[in-house]
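Read the structure below first, then the notes.
Residue numbers (UniProt numbering): 1 to 1101.
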């Protein structure tokens, strides 16, 4: 009979063969190769078939189909298939081709076209039923709840690992073609991509659980009744003798008792290697000079890339303050020196610095809370001279917490805090001419943000994360500096978590991201984007969590990443700064070969592989039990003092408001699948008999112990970062929000004698907790629990969270509040269907859509209703949108529901627009065209705007394009009132003449170098007026209008012929040409808002 071992050997040999396998794809899905390798490394298992998860469109024949096409997936053929997240544009181009030359998938036979998402599925042959049972239990605990034993016979035992994350939606069928819209397909692809991400997360969790359970280590050799790990049977240091261990219950350990550090690439890109974080030895100036945050740092390219130039920031020696020190750090010897300079920039933080040639360029920052800067300074490190630049071009508003990156001689600056607003503008400073320009770009424009990062790789910029005033962002954008085009990137692999105040760098073909807020304390993670393969990867850093990489700098010097500064300030703990560290990045160059299954010797993580949030270093007792969801493993352990690093996520949470009294039991139990930890607590007279929700509880202790407790909670991931630390009893006690993991350890109803601070020295060496006030790397979970218990820490309900827990979502808050109100009034709940799911903002006015609250019954209790809605949505005033009045003056029909009036202030690109929202229409969609006009050089030009409105284009012409004079024609008296206010508010009233009335009567003739005709759907009624307004020598016409996307060329030709005919009829001898056609926006489905730039030039006789 063919043995299990022989079948496994044959299967593994076929997996490594270069020949295609029997699957339709012909090869293994790359994302799960590390998972398959981990399973196959165990002597009791091997994989027979697998799929990492896929998104597909399948042409599936019905029962009556006579199609003879090659059948796949229960018949049919794939029209589209990917094992990564799907690109909606690629699928839409396939299903709805942009040209008639490409035909969409035809369904001439009675076939169904179905979009599917199918999750991970792996078939695994097991050595015996016991091994299969353990594997199924582990898979189910990781979310693969449909896993089970699918076949049991004398010859084989087969397990299927699978879950229920699925999607199957028909797109068409029965020979009728595709029956859904492109928008619906895009919506479905979004859902499928979300399911793919969930599938990746579960796959990663399964891989982590396997590694924690002993899979994936060095090969284990059977040796009698025990198992030898990484050594000979007689090697006492490397053997673990067990009575109840079989091949399915192995715990792979190194000879020193640590989890093996074999390299793996997770299914979503996680690379199981660890890079050491080496503290730097600083000589010369005190290292405290580098205790900064919000500073800037650059690598000097002209000195063998061995020095880093640091400027400004908050912190430093003595009293912490904003600094203007210029320091030079030599990486070869650790020498830190202060550069002696004269005329240095003012102290600041939140600025940027970039290297252009041999000089460092400093931009903006904040000198104090009310003094935001926009100055540009140049430091020549060779001569130690600072110089303030006088820049020309566009107005660059003061800002801080922006991001900048240099490409050749140009520095690109995006976003930041500009006054009280957050910017989304992109500026470029040309260092060859010292000229600022605000770039009018196309593509997928990023949202406003600050505290983000920007880095250059070749001619491309990459931007990640930031804060938009409401939440942290996790999006990645690229900007093509050649095409001036933004693109929102969708990379393969698990997307990094949203963050701000982080650092980013470029090393070889990698874009690296490290640190930021919100802080993840249980480990430090280095995020890598492989720019060649467009794949996210992750590397663990061997930090114990005391490094706070927030608002720090990351400089690449050779093969080293140098992290300088970073930290935070907290009323409970004071100010925290991070010391400078160095991380060698050279091992990253071997990741591509690791992904192909080749092992490399890289740096070892001395702390073992981390799993979950808690690391437990379990002291060996007489009879320890460790379980992973299956049968309990009983170990006869080594003599007292040896330790095993285990990582666990416990379940089964109970609580009591008793003093924390945790002590090792002589019969401890540790579980990963529901088995309760036998830690005991002293009830102090309180019954512990009901379940607790961890996010509603805090750990309270005296202020003098707060820092030590904070360090321990952070080290082991017990601090709930989603809630705030606060003080009670006039600051005597500090309350720390705690996680579910911590509450798990705090369960148990049995009484047990606690540990006092005096007794602590008998349990553990106080050296783990004292000295410089920091916990040492030798501090274990149990030591920390003993100390917290001795410090008389107590658990209490978090009253603050209870009071504010409903404020998570404005929409949810509004729905709950309005539902309560109508229930109180006895009104039908069907009214809730009229609540809005979206809204706009005009200044402090929340604008509801016209379809919301449309039943007249709402108005009967509006005095009570509208304040609730406004408060829920964060507005001071509330309005409901109406349609723009179909009058020639295009009056607004906005209805004020709560508030005295509709006047609002709106700032856009440094220009203030004020208007009465109930009487004037404001055009949100013309932002790009206003930017384009603002970037024109209109010095010495006279401009006529025939449809001025509140100053949509008048103000950009005057404020940004520096026009000599603008004639503003407008016949809506409400718009004229707003225009006058805006001209004075922007200090340009003396260069504008307002002509109220019909422009065909009021417009001047023969004066304009440029005429703007910004009226939709067409401005054709004033084309003659526009031609007459131009000077005899001609000029430029900007003609707005709507056209079908299929008729753009026809409409453009019509414009050209019309202007030629009008100019001739007016007696002008002009050469008329179209200089540019701007696509501003979609006005309606298949209807574009276009602007045609018509150049009229006098022909010289």
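A virtual CB, placed ideally from N, CA and C, is assigned to each residue, including glycine.
- Residue 337 has its alpha-carbon roughly 7 Å from the corresponding atom of residue 329.
- A straight line joining the alpha-carbon of residue 7 with that of residue 152 spans about 16 Å.
- Closest by C-alpha distance to residue 211, out of 39, 122 and 115, is 39.
- In the three-state reduction of the DSSP assignment, residue 396 falls in the coil class, being assigned neither a helical nor a strand state.
- About 38 Å separates the CB atoms of residue 372 and residue 333; that is not less than 8 Å, and the two are not in contact.
- By the beta-carbon neighbour count (other beta carbons within 10 angstroms, threshold 16), residue 704 is exposed.
- Residue 97 has its alpha-carbon roughly 26 Å from the corresponding atom of residue 195.
- Excluding sequence positions up to five before and after residue 861, its CB lies within less than 7 Å of the CB of 825, all in the same chain and listed in chain order.
- Segment contact: the stretch 416–425 against the stretch 377–386, fewer than three CB-CB distances shorter than 8 Å; contact not assigned.
- In the structure shown, residue 707 falls within a helical segment according to DSSP collapsed to helix, strand and coil.
- Taking C-beta separations shorter than 6 Å and ignoring five residues to either side along the sequence, the partners of residue 1034 in its chain run 1070, 1096, 1097 and 1098, following chain order.
- In this structure residue 865 is in contact with residue 821, their Cβ atoms being roughly 7 Å apart against a cut-off of 8 Å.
- For the options 729, 696 and 731, the alpha carbon positioned closest to that of residue 719 is the one of 696.
- If you check the CB distance, residue 58 and residue 116 come in under 8 Å.
- DSSP, reduced to helix, strand and coil, places residue 718 outside both helices and strands of the structure shown, so it counts as coil.
- In chain order, 1041 place their CB closer than 6 Å to the CB of residue 1018, counting only its own chain and leaving out the 5 sequence neighbours on each side.
- In this structure, the alpha-carbon of residue 566 lies about 14 Å from that of residue 524.
- Taking each of 1080, 872 and 580 in turn and checking the Cα distance to residue 848, the smallest one comes out for 872.
- Each of 434, 432, 467 and 459 was checked against the Cα of residue 449, and the nearest Cα belongs to 467.
- One Cα belongs to residue 782, the other to residue 550, and the distance between them is close to 29 Å.
- Using a Cβ distance threshold of 8 Å, residue 400 and residue 452 do not count as a contacting pair.
- Beta-bridge annotation (DSSP): residue 697 is paired with 797.
- Under DSSP, the beta-bridge partners assigned to residue 969 are 995.
- The C-beta distance from residue 485 to residue 512 rounds to 24 Å, too long to meet the 8 Å contact threshold.
- Between the beta-carbon of residue 950 and that of residue 968 there is about 10 Å, and that puts the pair past the 8 Å contact cut.
- Selection 711, 698 and 739 evaluated against residue 727 yields 698 as nearest (Cα-Cα).
- It is roughly 31 Å from the alpha-carbon of residue 184 to the alpha-carbon of residue 894.
- The beta carbon of residue 447 is closer than 7 Å to those of 424 and 468 in its chain, skipping five residues each way along the sequence.
- For the options 569, 456 and 1024, the alpha carbon positioned closest to that of residue 1001 is the one of 1024.
- The DSSP-derived three-state label of residue 297 is strand.
- DSSP places residue 781 within a helical segment (H, G or I) once states are collapsed to three.
- Shown here, residue 830 sits in a helix according to DSSP, grouped into three states.
- In summary, residue 200 is buried, with 16 or more beta-carbon neighbours lying within 10 Å of its beta-carbon over all protein chains present.
- With a minimum length of 3 residues, the unbroken runs of beta strand (DSSP E) contained wholly in the stretch 319–356 fall at 326–330, 335–338 and 352–356.
- By the beta-carbon neighbour count (other beta carbons within 10 angstroms, threshold 16), residue 537 is buried.
- In this structure, residue 119 keeps its C-beta atom at 8 Å or more from the C-beta atom of residue 156.
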